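Some notes on the structure that comes next.
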Amino acid sequence: MASPNLGITEHSHGAGEIPISKLDTHGSFDLNDFPVPNGREEEWRFTPLRRLRGLHDGREIADGVVKVDVQAPAEVGVETVARDDARLGRSFLPTDRVSALAYQAFTEATIVTVPAGATAADPVFVRTTGVRQGDAYGHLLVHVRPNAAATVVLEYAGASVYADNVEFVVEDGARLDVVSLQDWDRDAVHVSHQYTRVGRDARFRSFVVTLGGDLVRLSPKVGYTGPGGDAELHGLYFTGAGQHHEHRSLIDHNVSNTRSRVEYKGALSGEDAHAVWIGDVIIGEGTQGTDSYEHNRNLVLTDGTRVDSVPNLEIFTGEVEGAGHASASGRLDDIHLFYLQSRGIPAAEARRLVIRGFFADLINRIEVPELRERIMAEVEEKLALHE
Numbered sequence: 002m003a004s005p006n007l008g009i010t011e012h013s014h015g016a017g018e019i020p021i022s023k024l025d026t027h028g029s030f031d032l033n034d035f036p037v038p039n040g041r042e043e044e045w046r047f048t049p050l051r052r053l054r055g056l057h058d059g060r061e062i063a064d065g066v067v068k069v070d071v072q073a074p075a076e077v078g079v080e081t082v083a084r085d086d087a088r089l090g091r092s093f094l095p096t097d098r099v100s101a102l103a104y105q106a107f108t109e110a111t112i113v114t115v116p117a118g119a120t121a122a123d124p125v126f127v128r129t130t131g132v133r134q135g136d137a138y139g140h141l142l143v144h145v146r147p148n149a150a151a152t153v154v155l156e157y158a159g160a161s162v163y164a165d166n167v168e169f170v171v172e173d174g175a176r177l178d179v180v181s182l183q184d185w186d187r188d189a190v191h192v193s194h195q196y197t198r199v200g201r202d203a204r205f206r207s208f209v210v211t212l213g214g215d216l217v218r219l220s221p222k223v224g225y226t227g228p229g230g231d232a233e234l235h236g237l238y239f240t241g242a243g244q245h246h247e248h249r250s251l252i253d254h255n256v257s258n259t260r261s262r263v264e265y266k267g268a269l270s271g272e273d274a275h276a277v278w279i280g281d282v283i284i285g286e287g288t289q290g291t292d293s294y295e296h297n298r299n300l301v302l303t304d305g306t307r308v309d310s311v312p313n314l315e316i317f318t319g320e321v322e323g324a325g326h327a328s329a330s331g332r333l334d335d336i337h338l339f340y341l342q343s344r345g346i347p348a349a350e351a352r353r354l355v356i357r358g359f360f361a362d363l364i365n366r367i368e369v370p371e372l373r374e375r376i377m378a379e380v381e382e383k384l385a386l387h388e
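Under our numbering, the sequence shown has 232 at position 231, and the numbering climbs by one with no breaks.
Pasting the structure below:
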């Protein structure tokens with residue numbers, strides 16, 4: 002089943018059927034086009050499949066229930082629509098089996114529309130809460146029309162085994178800021194794909210904050226529909242004992258004169274805490290003027306944790322403004338701790354201050370004050386639990 006419109010094809014670099022990049026994955030809405038993963042595939046090798054509780058193979062678990070509540074200012078349109086609404090699925094093709102399953106299985110979707118030229122006075126809050134344990138599926142479309150601007154906050158909480166697709170369509174000259182907060186109960190499973198299309202001279206900025214859940218796997222993907230598009234993906238995660246947090250971003254610079262920045266920061270504490278960050282950037286054949294940089298930093302706070310950090314950069318043109326990536330994982334800097342302790346600050350407090358400073362720069366960029374305070378408080382609460 003092909004994607005209906007928006008110029009999205011099964012290969013986004015304009016090279017016909019020639020697969021010029023291993024990262025430019027072919028997509029489909031048909032679940033049968035994706036074999037059941039066995040864990041040896043590159044895109045699944047870090048994910049403990051048994052903990053997906055059937056999301057990867059389509060098994061029925063139980064009928065879970067999630068509740069979606071939306072709070073929006075008057076100038077923003079909010080609709081709940083059936084799965085056959087023609088606006089859904091126009092900006093993307095599912096790129097793995099779970100995404101295809103979520104598209105086949107959802108029954109209702111939420112559409113948030115910001116009219117052309119409008120600026121949302123207040124953030125739009127979309128709260129998804131698991132109210133009955135079991136498998137559940139969802140779909141959200143956020144459509145920001147030309148020269149409009151909005152901030153959208155996605156909050157996930159409660160208990161569920163949940164898979165969803167999120168479409169962000171940012172048209173020419175528009176601006177969209179997104180905060181996605183994964184604050185699930187400790188036994189929840191969440192696999193989410195966030196597909197973004199950034200128009201000419203449009204700006205998209207995303208903050209992903211993952212604190213809860215047993216297993217959370219998020220895959221933000223960005224492509225451009227016109228020159229001048231600007232995308233920033235920021236992420237924060239604090240992975241505690243036994244938790245698996247996985248973030249897999251893909252920036253596809255398929256149009257000339259586009260910009261991207263990717264910055265993810267994480268902390269790990271407790272036995273069997275596992276964090277995964279995969280950062281893929283493609284600079285397409287024939288493009289010019291791309292400016293891209295991505296990096297990931299991890300603080301390993303205790304023994305018994307595992308972190309996998311893999312930046313990937315594929316360039317198919319010689320006309321690049323800038324491109325680079327970096328990754329670093331390590332323990333707290335003893336010099337920083339010694340400096341604070343030498344000025345009379347107790348060791349435990351010095352440790353908290355250093356970790357707070359590690360995250361503060363990223364948290365302070367979130368332009369929703371109540372969220373900044375809440376996120377920092379939850380980070381410090383998790384830190385206290387693992388001291």
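The beta carbon of each residue, even a glycine, is placed where N, CA and C say it ideally should be.
Since the structure is predicted, the reported quantities are computational estimates derived from the model, not experimental observations.
Tell me which residue opens and which closes the alpha helix (DSSP H) that residue i is part of.
i, result
"residue 102", "98 to 106"
I'd like to know whether the C-beta of residue i is nearer than 8 angstroms to at least one C-beta of chain B.
i, result
"residue 160", "Absence of chain B from the displayed structure is noted, only one protein chain being present."
Starting from residue i, follow the beta strand (DSSP E) in both directions and report where the run begins and ends.
i, result
"residue 136", "136 to 145"
"residue 1", "With the chain covering 2 to 388 only, the question about residue 1 has no answer from this structure."
"residue 111", "109 to 115"
"residue 309", "307 to 316"
"residue 80", "78 to 83"
To the nearest whole angstrom, what separates the beta carbons of residue i and residue j, a pair I think is in contact under 8 angstroms?
i, j, result
"residue 246", "residue 303", "So it is not a contact: roughly 16 angstroms between Cβ atoms."
"residue 30", "residue 101", "6 angstroms"
"residue 69", "residue 139", "7 angstroms"
"residue 277", "residue 47", "4 angstroms"
"residue 188", "residue 160", "6 angstroms"
"residue 292", "residue 260", "4 angstroms"
"residue 296", "residue 240", "Actually they are not in contact, since the Cβ atoms of residue 296 and residue 240 sit about 18 angstroms apart, beyond 8 angstroms."
"residue 1", "residue 365", "With the chain represented from 2 up to 388, any question about residue 1 goes unanswered, as that position is not in the structure."
"residue 173", "residue 200", "4 angstroms"
"residue 235", "residue 363", "6 angstroms"
"residue 166", "residue 117", "Contact flag wrong, Cβ pair sits at about 25 angstroms."
"residue 171", "residue 145", "5 angstroms"
"residue 330", "residue 299", "4 angstroms"
Look up residue i in the DSSP assignment and give the residues it is bridged to.
i, result
"residue 298", "266, 329"
"residue 291", "321"
"residue 195", "167, 221"
"residue 32", "The partner list for residue 32 (beta bridge, DSSP) is empty, contrary to what the question assumes."
"residue 205", "177, 232"
"residue 216", "190, 245"
"residue 68", "130"
"residue 182", "156, 210"
"residue 240", "269"
"residue 252", "223, 282"
"residue 120", "150"
"residue 260", "231, 292"
"residue 125", "153"
"residue 162", "136, 190"
Given that a residue counts as buried once 16 or more other Cβ atoms are within 10 Å of its Cβ, and exposed if not, what is residue i?
i, result
"residue 204", "buried"
"residue 33", "exposed"
"residue 72", "exposed"
"residue 263", "buried"
"residue 131", "buried"
"residue 23", "In this prediction, residue 23 scores a pLDDT of 47, lower than 50, which makes its location untrustworthy; the coordinate-derived value is nonetheless stated afterwards. So residue 23 counts as exposed."
"residue 122", "exposed"
"residue 255", "buried"
"residue 376", "buried"
"residue 253", "buried"
"residue 370", "exposed"
"residue 378", "exposed"
"residue 39", "exposed"
"residue 164", "buried"
"residue 37", "exposed"
"residue 97", "buried"
"residue 27", "exposed"
"residue 120", "exposed"
"residue 79", "exposed"
"residue 283", "buried"
"residue 112", "buried"
"residue 108", "exposed"
"residue 215", "buried"
"residue 310", "buried"
"residue 229", "buried"
The ligand FMN heavy atoms versus the CB of residue i: any closer than 7 angstroms?
i, result
"residue 125", "You won't find the ligand FMN in this model; it holds no ligand whatsoever."
Given 8 angstroms, three or more beta-carbon pairs between the stretch 153 to 165 and the stretch 175 to 190: yes
The stretch 286 to 306 in contact with the stretch 267 to 275 per 3-pair CB rule at 8 angstroms: yes
Three-pair Cβ contact test at 8 angstroms for the stretch 211 to 225 versus the stretch 192 to 202: yes
Stretch-stretch touch, CB-based, cutoff 8 angstroms, three pairs: the stretch 319 to 326 with the stretch 280 to 290: yes
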